[in-house]
Structures are given as C-alpha cells and as structure tokens.
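In the working numbering, the protein residues as written are 2 to 79.
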C-alpha cells in the first residue's frame, strides 16, 4: 500500500470515528442535562416531605381543601 493512501485512509478513519463518538456523547449529554432540573425538583420535594415540610404547591392545595372560617385569622406566622 502506498504511503499516501495509508495517510488518507488513516485521516478519514480518524475523522469519521471521532465525529461518530462526538455525536454520540453529545446527544447523550444533552438528554441527561435536560432531565436534570426535573430530577432536582423531585429530590427537593421528596426531601421536604421526609423532613416534614410541605412544598408551596402542597400547602396551597391543602389550604384550598380546608375552607377557612370567615373572619378567621389565616396567617399564623409572626
């Protein structure tokens, strides 16, 4: 095999191979980073439930379920 053909084949193989690897890694990284905020939110909600705290959403839903008596003081935070 001629030296020129060897170098051409080598460069072509490396270019295509690195492109395929780069695309595969890039696609996988993009999928994982897109899911990360949802995973973080789920972990935060679970930690809040375990520690006895309610998330803002859960507190609002529970407040709507239990209708306060008219004239009652709803804000007990001082």
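For every residue, glycine included, the Cβ atom is placed at its ideal position computed from N, Cα and C.
Keep in mind it's a predicted model, so treat the numbers as computed, not measured.
DSSP on residue i, reduced to helix/strand/coil?
i: residue 3; result: coil
Rounded to a whole number of angstroms, what is the C-alpha to C-alpha distance between residue i and residue j?
i: residue 24; j: residue 15; result: 14 Å
i: residue 26; j: residue 9; result: 26 Å
i: residue 13; j: residue 28; result: 22 Å
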